[in-house]
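Below: one structure, written as structure tokens.
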Amino acid sequence: MPSFDVRGMSCGHCVKAVTTSIHEIDPTAKVDVDLATGRVEVDSNRPADAIAKAIVEAGYEARPIS
Numbered sequence: 257m258p259s260f261d262v263r264g265m266s267c268g269h270c271v272k273a274v275t276t277s278i279h280e281i282d283p284t285a286k287v288d289v290d291l292a293t294g295r296v297e298v299d300s301n302r303p304a305d306a307i308a309k310a311i312v313e314a315g316y317e318a319r320p321i322s
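Here's what the structure looks like:
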């Protein structure tokens, strides 16, 4: 399950924006956002780079966590 350090999220609207952007590329993805740590975990069949791109397109910085 890919995990990302996402910078710039500060509220529920940010969580919704990131989640919506990921669901645009994979409507069945399970997205878990921890706003306090900025960590986003995604259970998806899409590659990690596609998920990171979706997060960036939502307006946030995304760095994969190994």
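In the numbering used here, the protein residues as written are 257 to 322. Backbone N, C-alpha and C fix where the C-beta goes; we use that ideal spot for every residue, glycine too.
Unbroken beta strand (DSSP E) run spanning residue i, endpoints
i, result
"residue 259", "259-263"
"residue 314", "No beta strand (DSSP E) contains residue 314, which DSSP labels as neither H nor E."
"residue 295", "295-299"
"residue 288", "286-290"
Chain-order list of residues whose beta-carbon lies under 8 Å from that of residue i (same chain, five-residue window excluded)
i, result
"residue 259", "295, 296, 297, 298, 320, 321"
"residue 265", "271, 274, 289, 291, 294, 316"
Closest residue to residue i among the options (Cα-Cα distance)
i, options, result
"residue 201", "278, 261, 292", "What the structure shows of the chain is the stretch from 257 to 322, and residue 201 is not part of that stretch, so it cannot be assessed."
"residue 283", "305, 300, 264, 314", "300"
"residue 285", "276, 269, 264", "276"
Residues near residue i by beta carbon distance below 7 Å, same chain, minus five either side
i, result
"residue 318", "260, 262, 308, 311, 312"
"residue 306", "281"
beta-carbon residue i near the ligand NAD non-hydrogen atom, thresh 8 Å
i, result
"residue 291", "This structure lacks the ligand NAD; in fact it carries no ligand of any kind."
Integer-rounded CB distance, given that residue j should sit under 8 Å from residue i
i, j, result
"residue 316", "residue 271", "About 11 Å; that fails the 8 Å criterion."
Same chain only: Cβ atoms within 6 Å of residue i, ignoring 5 sequence neighbours per side
i, result
"residue 288", "297"
"residue 257", "297, 299"
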